[in-house]
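Peer 1:
Right, dumping it as structure tokens:
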């Protein structure tokens, strides 16, 4: 069960940072 939790947190973190980076980059570029 701990393995699934770790994978879930890892995936969530990647998605969260990916979206956050896209939003910040979009604001700076002007999208």
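Numbering (this note's numbering), first residue to last: 83 to 113.
Every residue gets a Cβ at the ideal spot worked out from N, C-alpha and C, and that includes glycine.
1. Which value, in whole angstroms, describes the spacing of the CA atoms of residue 92 and residue 86?
2. Of all the CB atoms in chain C, is at least one closer than 9 angstroms to the CB of residue 110?
3. Give the straight-line distance between the Cα atoms of residue 98 and residue 110, rounded to the nearest whole angstrom.
Peer 2: Per the coordinate set shown:
1. Using only the alpha carbons, I get a separation of about 10 angstroms.
2. No chain C appears in this structure, which consists of one protein chain only.
3. One Cα belongs to residue 98, the other to residue 110, and the distance between them is close to 18 angstroms.
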